[in-house]
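J.: One gets this note's numbering by counting positions in the sequence shown from 1 and adding 26 to each.
Glycine is no exception: its CB is placed at the ideal position from the N, C-alpha and C atoms.
Submitted below is the structure of interest, expressed as structure tokens.
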Amino acid sequence: MEALIKELVETYGPSGEETAVRELIDEKVRGSVDRTFTDNLGNLFALREGPAPRLMFSAHMDEIGVIVTHIDGNGFLRITPIGGVAPHLLVGQRLRFKDGVIGTVYHEKIKGLKELSWPKLYLDIGAASREAAKERVRIGDMACLHQPFVNLGERYLAKAMDDRIGCAVLVEAARRLPPSLPQGVCFLFSVQEEVGLRGATTAAYRLEPDYGFAVDVTSVGDTPEAPLMAVSLGKGPAIKVKDSSVLCHPRVRELMIETAEREKIPYQLEVLERGGTDAGAIHLSREGIPSGAVSIPCRYVHAPSEMVDVSDVRHAVNLVMKLSTRAWPLLDSGNGSR
Ligand code: CO
Ligand code: ZN
């Protein structure tokens, strides 16, 4: 699975530019499902047919990045964020465009970090003039972080763990599913999560699942002077209770806990005070879809190097598998009657 994770996190894919990630995932998951297809926004559906109810697991393919707003007379690029990027975390970082152009971020004169705002930042691609810059980059081109995957032993470090690790968990779970399932399962690889859960919105509408699950990273409280949070690396995947986008359906949460306990999968309960996931969009689709989330604990979410624990990832794969293979009750109202 490590090779899969490395390939996924190192692929270019800011929101709206998920094509390379989608092609890679399609190639990896195709052999493990009945069919895959793509919609107008670029979401990738990987479907295992089966009777109702239908489960939908969603991991987003997009990552945070920047977009070029202006090219100045000396060839410096001005940028604005795609998704939740803190400007101070970009200073000194290398960014890469789709076609491979690389630049480094720096800032104008400031008195302190507090003064650092997007208009103070620029991206230097080594162009000596506006004309030279324009030969390589156009207004509206996007760039994402340029960071290699590193195996630290018990832990992995990379850009875009949010949420390629979720994509890897779904691909691996799909591979390990038995030939026959008690219900239909769709693995969704969504687009544009970082700019407002957009892909999951249209995908949930199209799929009309009976249960929805986001599979995404969550923050942790186990680093020096971190904001108080009862999630740590290495203590198992987290079963979400709430974040700013969703209050997970209590029945879904209970069935997730029951599954984890029966299968002896370590888990934590997650209350995320800031941040959302695809579950936020899925549960509001149509007449409302009972939803939950499997979260992979992650340090430094939205920083250039995000860290996950190898055992948490392994247990998350197992939890998604066990959730897929347990029989979910048919709901007595809504689209469960299909
Ligand atoms: Co994110
Ligand atoms: Zn995410």
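Please state if the CB of residue 111 and the CB of residue 243 are separated by a distance shorter than 8 Å.
T.: Within the sequence shown, the letter at position 217 stands for residue 243. Within the sequence shown, the letter at position 85 stands for residue 111. In this structure, residue 111 does not lie closer than 8 Å to residue 243 by Cβ.
J.: With residue 129 as the anchor, note down where its beta strand (DSSP E) starts and where it stops.
T.: Counted from its first residue, the sequence shown places residue 129 at position 103. Segment 128 to 133, the beta strand (DSSP E) holding residue 129.
J.: If we count Cβ pairs, one from each stretch, closer than 8 Å, do we get three or more for the region 160 to 171 versus the region 89 to 101?
T.: Because the criterion of three Cβ pairs below 8 Å is met, the region 160 to 171 and the region 89 to 101 touch.
J.: How big is the Cα-Cα spacing for residue 37 and residue 142?
T.: The residue given as residue 37 occupies position 11 in the sequence shown. The residue given as residue 142 occupies position 116 in the sequence shown. Distance between the alpha carbons of residue 37 and residue 142 is about 29 Å.
J.: When we look at the beta-carbon of residue 256 and count the other beta-carbons within 10 Å, is it buried (16 or more) or exposed?
T.: Within the sequence shown, the letter at position 230 stands for residue 256. With fewer than 16 Cβ atoms within 10 Å of its Cβ, residue 256 is classed as exposed.
J.: Helix, strand or coil: which one does DSSP assign to residue 177?
T.: Residue numbering aside, residue 177 sits at position 151 when the sequence shown is read from its first letter. Strand, per DSSP.
J.: Leaving out five residues before and five after residue 55 in sequence, what residues of the same chain have Cβ atoms less than 6 Å from its Cβ?
T.: Mapped onto the sequence shown, residue 55 falls at position 29. Only 72, 197 and 200 meet the Cβ criterion.
J.: If you run the structure through DSSP and keep just helix, strand and coil, what is residue 307?
T.: One-based indexing of the sequence shown puts residue 307 at position 281. In the structure shown, residue 307 sits in a helix (DSSP, three-state: H, G or I).
J.: Decide yes or no for the touch test of the region 199 to 215 against the region 288 to 299: beta carbon pairs closer than 8 Å, at least 3 of them.
T.: The region 199 to 215 is not in contact with the region 288 to 299.
J.: Would you kindly check if the distance between the Cβ of residue 302 and the Cβ of residue 220 is under 8 Å?
T.: Here residue 220 is taken as the residue at index 194 of the sequence shown, counted from 1. Here residue 302 is taken as the residue at index 276 of the sequence shown, counted from 1. No, the pair does not count as a contact, with Cβ atoms beyond the cut-off.
J.: May I have the straight-line CA-CA distance separating residue 331 from residue 114, to the nearest angstrom?
T.: By 1-based counting over the sequence shown, the position of residue 331 is 305. By 1-based counting over the sequence shown, the position of residue 114 is 88. Between residue 331 and residue 114, the C-alpha separation is close to 14 Å.
J.: Comparing C-alpha positions only, which one of 353, 351, 152 and 321 sits nearest to residue 339?
T.: Within the sequence shown, the letter at position 313 stands for residue 339. For residue 339, the nearest C-alpha among the options comes from 321.
J.: Quick one: using the 10 Å Cβ neighbour count with 16 as the cut-off for buried, is residue 364 buried or exposed?
T.: Mapped onto the sequence shown, residue 364 falls at position 338. Low local confidence applies: a pLDDT of 42 at residue 364 is under 50, so the model's placement there is unreliable, and no value is given.
J.: Do residue 150 and residue 215 have their C-beta atoms within less than 8 Å of each other?
T.: Residue mapping note: residue 150 aligns to position 124 of the sequence shown, counting from 1. Residue mapping note: residue 215 aligns to position 189 of the sequence shown, counting from 1. No, they are not a contact pair.
J.: Measuring straight from C-alpha to C-alpha, what distance separates residue 84 and residue 213?
T.: As a first step, residue 84 must be located in the sequence shown, where it is residue number 58. As a first step, residue 213 must be located in the sequence shown, where it is residue number 187. Their backbone Cα atoms lie some 6 Å apart in a straight line.
J.: May I ask you to report which of helix, strand or coil DSSP gives residue 149?
T.: As a first step, residue 149 must be located in the sequence shown, where it is residue number 123. Residue state, collapsed to three classes: strand.
J.: How many angstroms separate the CA atom of residue 345 from the CA atom of residue 251?
T.: What you label residue 345 is simply residue 319 of the sequence shown in a count that begins at 1. What you label residue 251 is simply residue 225 of the sequence shown in a count that begins at 1. Rounded to whole angstroms, residue 345 to residue 251 spans 30 Å at the Cα level.
J.: Would you kindly work out how many angstroms separate the C-alpha atoms of residue 337 and residue 33, rounded to a whole number?
T.: Numbered from 1 along the sequence shown, position 311 holds the residue referred to as residue 337. Numbered from 1 along the sequence shown, position 7 holds the residue referred to as residue 33. Distance between the alpha carbons of residue 337 and residue 33 is about 19 Å.
J.: Across the region 227 to 241 and the region 63 to 82, are there enough close Cβ pairs to call them in contact, namely three or more that are closer than 8 Å?
T.: Contact between the region 227 to 241 and the region 63 to 82 is present, because at least three Cβ pairs lie under 8 Å.
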